[in-house]
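A short worksheet on the structure shown next.
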Ligand SMILES: Cc1cc2nc3c(=O)[nH]c(=O)nc-3n(C[C@H](O)[C@H](O)[C@H](O)COP(=O)(O)O)c2cc1C
């Protein structure tokens with residue numbers, strides 16, 4: 001087996017089980033944290049997930065989980081289609097602040113006419129257009145993160161200035177569907193850019209994921225599919241001028257475990273996929289929120305730890321550190337320094 | 001003490017208290033030499049002047065963005081049995097003379113997300129978010145507020161503010177499209193639509209009994225034309241508490257028709273009584289009783305061991321709030337012209353103001369600049385004051401200054417004599433600005449029988465003594 005210089009990344013979905021209780025979410029998150037998962041995810045949608053079924057705002061839920069946990073990353077799904085990009089940026093930055101550098105988001109689109117009528121601003125648009133727009137939203141959201149340089153706050157008593165306004169920047173971002181002036185109302189978050197993830201299973205989402213995402217999910221139960229999509233994403237990322245290793249591709253597996261033996265078998269399976277280069281890691285979607293998560297933490301993870309494939313603990317503090325992603329430099333600081341030379 | 005709690009307890013009006021996280025204006029003192037005689041945080045083992053200094057600074061001049069500042073203030077408020085914790089909002093950084101304003105604390109987290117996190121570290125405290133009705137949509141915001149209400153077990157509140165300025169609109173898809181005249185018609189329709197959404201699930205139902213129809217709504221109005229199925233089951237409070245902050249006739253009418261709480265700037269006894277009578281008087285027309293709407297002025301306070309010490313502290317705080325640079329900027333806002341060549345320690349400018357100019361963006365405009373110029377000139381002349389001294393003297397006097405006993409007495413007088421139902425306290429320090437109030441004033445209010453000695457309910461509505469709105473099923 002080739003030595004792995006990169007640990008296998010592990011994430012787990014918190015969906016299912018009690019849907020409206022903050023303490024139930026916190027308990028599940030704490031359990032996942034005991035398994036040293038890199039991050040947890042929570043799905044969301046603008047409308048009801050199924051007729052007559054409700055759900056809470058996922059970003060709010062994971063914000064409430066933040067003080068109940070210490071290390072685990074927090075990735076809610078956030079839809080971009082009917083929301084103000086300015087608000088999204090502020091909410092995601094705030095999730096990163098309240099979790100001290102563990103925030104991120106899974107950018108998604110709202111495609112249905114029913115969702116469009118909930119907001120009443122514009123009709124449903126073709127999915128390719130929506131994913132193109134989602135890319136623009138991710139772009140402006142991260143520009144807004146950068147609109148404050150890290151050291152903009154100076155508290156300079158001599159000049160009476162709280163901030164150095166030369167280190168705050170307008171983003172002046174304009175597309176066919178929105179424009180944002182900036183700067184953000186929230187200082188640059190602890191991670192610089194909270195982690196952006198996109199479900200790249202559908203071909204429509206792939207280009208946007210390759211261009212903008214730090215983490216891409218591929219929903220499949222088949223290693224060949226995972227490998228092919230990963231290769232496609234890396235190729236596209238390279239074409240966008242990105243370092244492909246900065247795009248972490250996770251196979252997103254639906255798991256349904258009946259007993260510890262299943263949990264161990266799952267460990268064998270993912271180890272094999274990883275060795276074959278099918279994925280950089282795995283995102284487990286438990287069928288039964290409580291039971292499967294327990295089996296993953298008590299059965300699957302220990303086997304992977306024993307084989308040296310995953311960490312036993314969190315050596316870093318931020319989600320970027322868990323994932324081995326560097327803290328991004330600030331584009332406006334770079335530009336300002338370049339023009340000052 | 002003049003009031004013996006035993007005899008008057010039952011007839012006293014209860015005071016409601018809220019904690020305002022220090023704002024992004026010059027009320028918030030962000031820096032000053034640490035005061036070593038009053039270290040507010042003492043850590044065992046933190047020896048030496050540097051450690052002491054940094055501990056003091058942390059409590060006095062802490063971060064306006066770090067989550068620990070929010071937990072500190074929220075936990076202090078909850079220890080003091082406050083009704084709620086309050087976060088303001090501003091959707092565009094303020095500018096002065098076309099540049100970002102740099103003299104005040106700036107940079108805040110987004111309110112609903114911070115409050116969702118605070119819900120996990122508090123148990124009873126209400127959690128109020130200021131959110132603009134102009135740059136949001138009912139479905140989305142109703143969903144976020146109902147989520148907060150679920151996550152906090154019934155403690156969510158929404159301070160409905162409005163904006164019509166194109167300056168703020170530049171950050172949004174919508175842009176600055178709204179006529180000033182429409183700001184409250186949109187806000188009123190927004191709240192009505194949000195309440196329709198909150199009512200769309202029958203009480204006690206977490207999974208649709210009636211299948212696809214659960215959560216159905218349709219709202220077709222002037223500002224919103226929306227329909228579908230709401231995704232959040234009825235939340236513990238039914239309707240999160242609605243707060244209104246806005247002072248115009250339209251604003252007051254909107255409050256009387258719609259709000260549960262009014263956040264006002266009328267913080268003196270006379271102005272307070274007038275405002276109180278005016279707004280409460282408007283309620284009957286909407287079939288509401290005076291107690292259905294709580295009036296809570298935003299107020300500042302300074303405590304001292306003696307009256308003289310409190311006055312001295314208050315004067316010192318005003319000097320910190322009005323730096324030489326802030327004094328000039330404040331003057332420029334009134335004068336409407338650049339005054340950067342003036343010495344803040346010199347006399348007021350003798351040049352004529354430009355009353356039409358608007359140098360600042362993103363701030364509430366000065367009401368009547370002519371009257372202000374005249375009175376400031378008179379004040380400076382009479383007392384021989386410099387620019388900075390004039391601004392210090394004329395602006396930002398704290399609402400309540402005195403010993404804990406005197407402040408408790410004054411606060412109680414406001415509430416017992418129809419000038420307010422309670423207060424939104426605005427500390428000038430982050431995050432320790434309420435520590436003393438909770439330690440020294442709250443017990444006195446309790447002794448007088450005017451303030452709760454424990455939380456008796458679990459929701460913010462219960463703390464405020466507001467009725468629980470009936471769900472569709474039960475109302476019918
Ligand atoms: C005490 C008070 C606090 C306010 N806080 C905010 C705020 O945090 N954010 C905001 O955008 N507007 C705030 N406002 C502005 C009001 O929402 C409203 O837009 C403004 O007062 C203009 O309305 P009016 O003409 O009715 O006074 C506040 C107003 C008052 C009186």
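Residue numbers (the UniProt record's numbering), protein chains in the order written: chain P, 1 to 341; chain R, 1 to 476. We treat Cβ as the ideally placed atom computed from N, Cα and C, and that holds for glycine.
To which residues does DSSP link residue i through a beta bridge?
{"i": "residue 219 (chain P)", "result": "P:252"}
{"i": "residue 199 (chain P)", "result": "P:217"}
{"i": "residue 235 (chain R)", "result": "R:238"}
{"i": "residue 42 (chain P)", "result": "P:76"}
{"i": "residue 11 (chain P)", "result": "P:39 and P:283"}
{"i": "residue 171 (chain R)", "result": "None, per the DSSP bridge assignment."}
{"i": "residue 330 (chain P)", "result": "Answer is none; residue 330 (chain P) lacks a bridge partner."}
{"i": "residue 308 (chain R)", "result": "The partner list for residue 308 (chain R) (beta bridge, DSSP) is empty, contrary to what the question assumes."}
{"i": "residue 20 (chain R)", "result": "R:86"}
Leaving out the 5 sequence neighbours to the left and right, which residues in its chain are closer than 7 Å to residue i when beta-carbon positions are compared?
{"i": "residue 16 (chain R)", "result": "83, 294, 296, 421, 422 and 464"}
{"i": "residue 515 (chain R)", "result": "Absent from the structure is residue 515 (chain R), since the part of chain R shown begins at 1 and ends at 476."}
{"i": "residue 47 (chain R)", "result": "With a pLDDT of 40 at residue 47 (chain R), under the threshold of 50, the modelled position of this residue cannot be trusted, and the question is left open."}
{"i": "residue 242 (chain R)", "result": "158, 160, 191, 258, 259 and 260"}
{"i": "residue 314 (chain P)", "result": "36, 71 and 322"}
{"i": "residue 62 (chain P)", "result": "42, 74, 76 and 95"}
{"i": "residue 33 (chain R)", "result": "Low local confidence applies: a pLDDT of 43 at residue 33 (chain R) is under 50, so the model's placement there is unreliable, with the coordinate-based value given in what follows. Same-chain partners within the cutoff: there are none."}
{"i": "residue 118 (chain P)", "result": "46 and 47"}
Near residue i, what residues of its chain come up, given a Cβ to Cβ distance below 8 Å and the 5 sequence neighbours on each side ignored?
{"i": "residue 135 (chain R)", "result": "91, 163, 168, 169, 171, 172 and 174"}
{"i": "residue 79 (chain R)", "result": "438"}
{"i": "residue 117 (chain R)", "result": "67 and 70"}
{"i": "residue 470 (chain R)", "result": "238"}
{"i": "residue 185 (chain R)", "result": "222 and 223"}
Tell me which residues share the same chain as residue i and place their Cβ nearer than 6 Å to its Cβ, disregarding the 5 neighbours each side in the sequence.
{"i": "residue 12 (chain R)", "result": "449 and 450"}
{"i": "residue 71 (chain R)", "result": "121"}
{"i": "residue 127 (chain P)", "result": "111 and 204"}
{"i": "residue 443 (chain R)", "result": "none"}
{"i": "residue 13 (chain P)", "result": "41 and 285"}
{"i": "residue 332 (chain P)", "result": "146 and 169"}
{"i": "residue 22 (chain P)", "result": "64"}
{"i": "residue 100 (chain R)", "result": "93"}
{"i": "residue 475 (chain R)", "result": "The predicted model places residue 475 (chain R) with a pLDDT of 36, which falls under 50 and marks its position as unreliable; any figure quoted below should be read in that light. Within the same chain, residue 475 (chain R) has no close Cβ partners at all."}
{"i": "residue 105 (chain R)", "result": "24, 28, 30 and 64"}
{"i": "residue 330 (chain P)", "result": "146 and 149"}
{"i": "residue 165 (chain P)", "result": "none"}
{"i": "residue 402 (chain R)", "result": "307 and 310"}
Roughly how far, in whole angstroms, is the beta-carbon of residue i from the beta-carbon of residue j, given that I think they are within contact range, below 8 Å?
{"i": "residue 446 (chain R)", "j": "residue 456 (chain R)", "result": "Incorrect: roughly 14 Å between the Cβ atoms, too far for contact."}
{"i": "residue 54 (chain P)", "j": "residue 226 (chain R)", "result": "In fact, because the Cβ distance is near 18 Å, the residues do not count as touching under 8 Å."}
{"i": "residue 379 (chain P)", "j": "residue 89 (chain P)", "result": "Residue 379 (chain P) is absent from the model: chain P starts at 1 and stops at 341."}
{"i": "residue 357 (chain R)", "j": "residue 376 (chain R)", "result": "The pair is not a contact, with the Cβ atoms about 17 Å apart (cut-off 8 Å)."}
{"i": "residue 60 (chain P)", "j": "residue 459 (chain R)", "result": "So it is not a contact: roughly 18 Å between Cβ atoms."}
{"i": "residue 214 (chain P)", "j": "residue 246 (chain P)", "result": "7 Å"}
{"i": "residue 398 (chain R)", "j": "residue 301 (chain R)", "result": "6 Å"}
{"i": "residue 129 (chain R)", "j": "residue 152 (chain R)", "result": "Actually they are not in contact, since the Cβ atoms of residue 129 (chain R) and residue 152 (chain R) sit about 11 Å apart, beyond 8 Å."}
{"i": "residue 343 (chain R)", "j": "residue 76 (chain R)", "result": "Rounded, the Cβ-Cβ distance is 41 Å, inconsistent with contact."}
Residues, ordered as in the chain, of the region 161 to 184 of chain R that lie near chain P by beta-carbon distance below 7 Å: Result list: 170, 171, 172 and 173.
Could you tell me whether the region 41 to 52 of chain P touches the region 107 to 116 of chain P, using the rule of 3 or more Cβ pairs below 8 Å? Judged by Cβ distances under 8 Å, the region 41 to 52 of chain P makes contact with the region 107 to 116 of chain P, as three or more pairs qualify.
Cβ contact check for the region 143 to 154 of chain P and the region 247 to 254 of chain R: 3 or more pairs under 8 Å: no
Counting Cβ pairs closer than 8 Å, one from the region 170 to 182 of chain P and one from the region 133 to 153 of chain P, do we hit at least three? yes
Hey, is the region 267 to 276 of chain P in contact with the region 235 to 243 of chain P, meaning 3+ C-beta pairs nearer than 8 Å? no
Could you please tell me which residues of the region 100 to 126 of chain R, in chain order, have their CB closer than 9 Å to any CB of chain P? 100, 101, 102, 103, 104, 105, 106, 107, 108, 109, 110, 111, 112, 113, 114, 115, 116, 117, 118, 119, 120 and 121
Using a Cβ-Cβ cut-off of less than 7 Å, list which residues of the region 125 to 151 of chain R approach chain P; keep chain order. For the region 125 to 151 of chain R, which is checked against every Cβ of chain P, the residues closer than 7 Å are 135, 137, 139, 140, 143, 144, 147, 148, 150 and 151.
Would the region 141 to 148 of chain R count as touching the region 218 to 237 of chain R if we require 3 or more Cβ pairs under 8 Å? yes
Residues within the region 45 to 63 of chain P neighbouring chain R, beta-carbon criterion of under 8 Å: 45, 46, 47, 48, 49, 51, 52, 53, 54, 55, 56, 57, 59, 60, 61 and 63
Counting only Cβ-Cβ distances shorter than 7 Å, please list the residues of the region 213 to 236 of chain R near chain P, keeping chain order. 214, 215, 224, 225, 226, 227, 228, 229, 231, 232 and 233
Short of 9 Å Cβ to Cβ, which residues in the region 82 to 99 of chain R face chain P? 89, 90, 91, 92, 93 and 99
At least 3 beta-carbon pairs within less than 8 Å: the region 269 to 287 of chain R vs the region 379 to 386 of chain R: no
In chain order, what residues of the region 9 to 22 of chain P put their CB closer than 7 Å to some CB of chain R? 20 and 22
Taking a Cβ distance cut-off of 7 Å, strictly less, list which residues of the region 284 to 298 of chain R are near chain P, in chain order. none
So if I threshold CB-CB distances at 9 Å, which residues from the region 365 to 395 of chain R count as touching chain P? none
Residues within the region 116 to 145 of chain P neighbouring chain R, beta-carbon criterion of under 8 Å: Listed in sequence order: 117, 118, 119, 120 and 121.
Chain R contacts made by the region 96 to 113 of chain P, where a contact means CB separation under 9 Å: Within the region 96 to 113 of chain P, the residues whose Cβ lies closer than 9 Å to some Cβ of chain R are 97, 98, 99 and 100, listed in chain order.
Output, in sequence order along the chain, the residues in the region 238 to 267 of chain P whose CB is closer than 7 Å to any CB in chain R. If the cut-off is 7 Å between Cβ atoms, the region 238 to 267 of chain P has nothing near chain R.
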